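Number of protein chains: 2
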Amino acid sequence: MPEPLRIAIAGLGTVGCGVLALLRDNAALLEQRTGRSIEVVAVSARERGRDRGMALEGLDWRDDAAALAAHPAADVVVELIGGSEGAARALSEAALANGKHLVTANKALLAHHGAGLAEAARRAGCHLGYEAAVAGGIPIVKALREGLAGNRISGVYGILNGTCNHIMTAMHDSVQSGQAREFDSVLREAQELGYAEADPSTDIDGIDAAHKLAILTSVVFGCPVDFGAVHVEGIRHVSAVDIGFAIELGYRVKLLGIARAGEDAVTQRVHPCMIRESAPIARVDGVFNAVVAEGDRIGSALFEGPGAGAGPTASAVVADLVDIASGRVMPAFPAAAEGTPRPAAKPMDRHVGAYYIRLMVVDRPGVLAGIAACLRDEQVSVEAMLQRGRDPGEVVPLVLTTHEAQEAAVVRALGAIGRLDPVMEPPRMIRIEAF
Amino acid sequence: MPEPLRIAIAGLGTVGCGVLALLRDNAALLEQRTGRSIEVVAVSARERGRDRGMALEGLDWRDDAAALAAHPAADVVVELIGGSEGAARALSEAALANGKHLVTANKALLAHHGAGLAEAARRAGCHLGYEAAVAGGIPIVKALREGLAGNRISGVYGILNGTCNHIMTAMHDSVQSGQAREFDSVLREAQELGYAEADPSTDIDGIDAAHKLAILTSVVFGCPVDFGAVHVEGIRHVSAVDIGFAIELGYRVKLLGIARAGEDAVTQRVHPCMIRESAPIARVDGVFNAVVAEGDRIGSALFEGPGAGAGPTASAVVADLVDIASGRVMPAFPAAAEGTPRPAAKPMDRHVGAYYIRLMVVDRPGVLAGIAACLRDEQVSVEAMLQRGRDPGEVVPLVLTTHEAQEAAVVRALGAIGRLDPVMEPPRMIRIEAF
Chain B
1 MPEPLRIAIA GLGTVGCGVL ALLRDNAALL EQRTGRSIEV VAVSARERGR
51 DRGMALEGLD WRDDAAALAA HPAADVVVEL IGGSEGAARA LSEAALANGK
101 HLVTANKALL AHHGAGLAEA ARRAGCHLGY EAAVAGGIPI VKALREGLAG
151 NRISGVYGIL NGTCNHIMTA MHDSVQSGQA REFDSVLREA QELGYAEADP
201 STDIDGIDAA HKLAILTSVV FGCPVDFGAV HVEGIRHVSA VDIGFAIELG
251 YRVKLLGIAR AGEDAVTQRV HPCMIRESAP IARVDGVFNA VVAEGDRIGS
301 ALFEGPGAGA GPTASAVVAD LVDIASGRVM PAFPAAAEGT PRPAAKPMDR
351 HVGAYYIRLM VVDRPGVLAG IAACLRDEQV SVEAMLQRGR DPGEVVPLVL
401 TTHEAQEAAV VRALGAIGRL DPVMEPPRMI RIEAF
Chain Z
1001 MPEPLRIAIA GLGTVGCGVL ALLRDNAALL EQRTGRSIEV VAVSARERGR
1051 DRGMALEGLD WRDDAAALAA HPAADVVVEL IGGSEGAARA LSEAALANGK
1101 HLVTANKALL AHHGAGLAEA ARRAGCHLGY EAAVAGGIPI VKALREGLAG
1151 NRISGVYGIL NGTCNHIMTA MHDSVQSGQA REFDSVLREA QELGYAEADP
1201 STDIDGIDAA HKLAILTSVV FGCPVDFGAV HVEGIRHVSA VDIGFAIELG
1251 YRVKLLGIAR AGEDAVTQRV HPCMIRESAP IARVDGVFNA VVAEGDRIGS
1301 ALFEGPGAGA GPTASAVVAD LVDIASGRVM PAFPAAAEGT PRPAAKPMDR
1351 HVGAYYIRLM VVDRPGVLAG IAACLRDEQV SVEAMLQRGR DPGEVVPLVL
1401 TTHEAQEAAV VRALGAIGRL DPVMEPPRMI RIEAF
């Protein structure tokens, strides 16, 4: 029997305890699958005394996570501390510098320092595993990097944040049931249910999804992780009335992360999108995550599963440990395909796509003519117009969808429209994605 | 630069040419990803003279596929001949016996001889790659075997045959549009469109799906492939009227393959199912395949993509070649978890589930009482009853759904019901699956 794989775990929150529980419950199965046992030798966490419902006897407890980086008995350090700087970063860099494999669920760390960590892992001949950092329950890193390795990938997109998808789904369902609820109310309920954090900003402002997108981009395009080049918008401004119109137009509203190889750059963006309700990803609801890969051989494939939680995240951490235990140590990110451009922060001004536009206008003759003139002046062509109900003299919503147009032109047209006398609120815009 | 990985390909039909095209088009990318070039050194096919739109110069052509098994320059034999016996089997066994890695897209071969081939590969220290044998465009073997390796899997099920799913989808759409079409007409059209073979029996009788299910069962449970233990029914008897009632009841009809670990055996079955339309797999339409894995840590995850075609199948073949080129050689099937029972041909008589039952009855008072008595006599409890329209004295459909019942009791009740005077046709039954 070969030596056990010995691991040290830093961070014993929900995920850390989930990993301990998995390694304990499925120990025999893992040993049969890898031919070795996977043994926890040391742990570190902030509060030693806390009741975690776990026996920690026999484990070498260190108050200072940094001590695990040089732990003489550990082959692998599992970093579950979180945060892009501080203890997590220091431990991760030190572990690799000491020649230990690193497994992490830390998307912020990877998004900000993935390129450097991958290079450090390469130099040390160590494995940097981060399956748990993106869509925990879906083995998406492995699927993209190995399962679709024969493909030239042109794009990858997905629902990368369960909190946002839960909120979008709840708003959609409320509109469909005739009891429309607005963002703030749904968010508050999500917080009570434990689907959103007390400080929800990282989730609802799109930052968490952007972290994951930056990682996925490097997995499929092989370019260094570049979080700074991601265009990020959250879901705070999506309103029930827009979701209602989306339904009427045959769309669903989702917060998506989208990375595409363009001619001169890989573009990365996270923002609310309208997508055809018949698109497979439109039907991924609740806290689930989903990722779609578009490849030159497969066309497209969709991977759907739980994105967070102790069990799914532990499953992903242990998948990386199984790879290491089985000797499947490989570069963190694949080599870039020849001719693949690097990510670049393409200004959204230059984005070309279709747009949903909602205006609040006074219902009186001639309003549409003025709006149409503003769009014509910017060469933005209208695909459809909707005005439900008539209420002369009152403020009513007027909805337009455009054909493909450059965002700069749409923004200029909306500026002009916003200054029209019968337009009572700043125009709202949601990008339409054709999948 | 390490030595190239040298491969010999047997079979140059659609898939074989797809593999050649992929290896040619994405050669540089594959070399960057694996650190080696992947080089085709020899090929074999039936008709040398056929125009394949491919340059075959420089490749060692062998008229006899068997010659590739001992080809001195080849590290890997790629078997794309097809069929569970004959040339495909002989080549595969000989290649492994000669210490060559084997990659195959041949589900019939794996379903019938997978256990023996896996053992031969183990003895030879060779890789047996078969990602292409199940749901080509979805890297499902890798996802299950490696990506979810930390999970104890309790069940796996999926839409494993694109032809059947295309037919079910077309029938569903026809019913929904009010232009209901029956199986025979849709099959004929599918044949004209190239979605079904001239001899469609392997697909529509569920055999192809059963081949794939038998392989998936071994991937998740680690037991030897046992095709003989799969219960197989096809879709010939699904009629438009049943699809219409399914829609009314909130179900979709799909041909599924389902493998579950029971207490004393792993059961494997392929048959038409009614599934809630809100279940993610219910919405997988057309020629797409999808697989859902249920694990103790992830809950469930769904993988969806193209199941066949030159590009997707070549993508899967090359994923296996990339594993071999990267040194990721591993056992064909994982070790069975301790305590996992082997597959066994559990008679469907002992299946417990809910049932959809359709009867064609003369519309007259008292009919339901007689039917209800037959069900009561077998302790089968009715969940819902539907009789749309009234047409006194005429034959009308009467639909029942049951609570959980043992299939033997349902079958006995249907026998008694079929003998009732006002019941004009043999009762139809479709199993309802609760996902």
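Chains as they are written, first to last, in this note's numbering: chain B, 1 to 435; chain Z, 1001 to 1435.
The C-beta atom is built at its ideal place from N, Cα and C for all residues, glycine as well.
This structure is a prediction, so every number in the text was calculated from the model and none was measured.
Chain order gives the chain B residues near Val1322/Z as Glu146, Ala149 and Gly150, where near means a beta carbon separation below 9 Å.
Note: Met1385/Z is bridge-paired with Leu1400/Z in the DSSP secondary-structure output.
Excluding residues up to 5 positions away in sequence, Leu22 lie with their Cβ nearer than 6 Å to the Cβ of Val318/B in the same chain. At a beta-carbon threshold of 7 Å, the residues of chain Z lying near Phe303/B are Phe1303, ordered along the chain. For Gln268/B, the number of other beta carbons within 10 angstroms of its own is at least 16, and it is reported as buried.
Leu1400/Z sits away from Met1424/Z, with the two beta carbons spaced by 9 Å or more. Of the residues assessed, Pro1272/Z falls on the buried side of the cut-off, its CB having 16 or more other CB atoms within 10 angstroms. Only residues of its own chain outside the window of five on either side were considered, and among them Ala1069, Ala1120 and Ala1124 have a CB closer than 8 Å to the CB of Ala1097/Z, listed in chain order.
Counting the other Cβ atoms within 10 Å of the Cβ of Arg376/B gives fewer than 16, which makes it exposed.
Around Arg1328/Z, the beta-carbon contacts reaching into chain B at under 7 Å are Arg328.
At a beta-carbon threshold of 9 Å, none of the residues of chain B lie near Ile1247/Z; the nearest stands roughly 17 Å away. Under the DSSP assignment, Asp25/B falls in the alpha helix (DSSP H) whose first and last residues are Thr14 to Asp25.
If you compare the alpha carbons of Ala416/B, Cys374/B, Val352/B and Ile371/B with that of His403/B, the shortest gap goes to Val352/B. Contact annotation, Thr1313/Z with Val1043/Z: C-beta distance approximately 17 Å; criterion of less than 8 Å not satisfied. By alpha-carbon distance to Ala55/B, the top candidate from Glu277/B, Cys17/B and Ile324/B is Cys17/B. By alpha-carbon distance to Ala1354/Z, the top candidate from Gly1244/Z, Ser1154/Z, Ala1405/Z and Ala1369/Z is Ala1405/Z.
At a cut-off of 9 Å between C-beta atoms, Thr1163/Z does not count as an interface residue with respect to chain B. Judged by DSSP secondary structure, Lys107/B falls within the alpha helix (DSSP H) whose first and last residues are Lys107 to Ala124. Taking a Cβ-Cβ threshold of 7 Å, the residues of chain B close to Arg1297/Z are Leu22, Gly311, Pro312, Ala314 and Ser315, in chain order.
Cβ neighbours of Gly1234/Z within its own chain (closer than 6 Å, five residues either side excluded): Ile1204, Asp1205 and Gly1206. Within the same chain, Ile1357, Arg1358, Leu1359, Leu1414, Ile1417 and Gly1418 come within 8 Å of Pro1427/Z by CB-CB distance, once the 5 residues on both sides are set aside.
With a 10 Å radius around the Cβ and a threshold of 16 neighbouring Cβ atoms, Glu1394/Z comes out exposed. Along the region 1020-1080 of chain Z, the beta strand (DSSP E) occurs as fully enclosed runs of 3 or more residues at 1038-1044, 1060-1062 and 1076-1079, listed in sequence order. Within the same chain, and ignoring the five residues on either side of Ile1298/Z in sequence, the residues whose Cβ sits closer than 7 Å to its Cβ are Leu1148 and Asn1151. Beta-carbon to beta-carbon, Ser1218/Z and Gly1114/Z are separated by about 6 Å, close enough to satisfy the 8 Å threshold. Two segments are said to touch when three or more pairs of C-beta atoms, one from each, lie closer than 8 Å; by this definition the region 1302-1311 of chain Z touches the region 1153-1172 of chain Z. Cys164/B carries a helical assignment under DSSP once its states are collapsed to helix, strand and coil. For Gly1155/Z, the pairing in a beta bridge is given by DSSP as Arg1260/Z and Glu1294/Z. Within the DSSP bridge table, the entry for Leu1005/Z names Ile1038/Z as partners. Judged by their CB atoms, Ile1038/Z and Ala1027/Z are nearer to each other than the 9 Å cut-off. Here DSSP, grouped into helix, strand and coil, assigns Arg1364/Z to coil. For Pro1004/Z, the CB contacts under 8 Å within the same chain, skipping 5 residues up- and downstream, are Arg1036, Ser1037, Ile1038 and Glu1039 in chain order. From the beta-carbon of Leu1160/Z, no residue of chain B is found nearer than 8 Å; the closest lies around 15 Å away. Take the alpha-carbon of Ser239/B and the one of Met171/B: they are about 8 Å apart. With 16 or more other Cβ atoms inside 10 Å of its own Cβ, His71/B counts as buried. Excluding sequence positions up to five before and after Ala325/B, its CB lies within less than 7 Å of the CB of Leu5, Thr34, Arg36 and Ile38, all in the same chain and listed in chain order.
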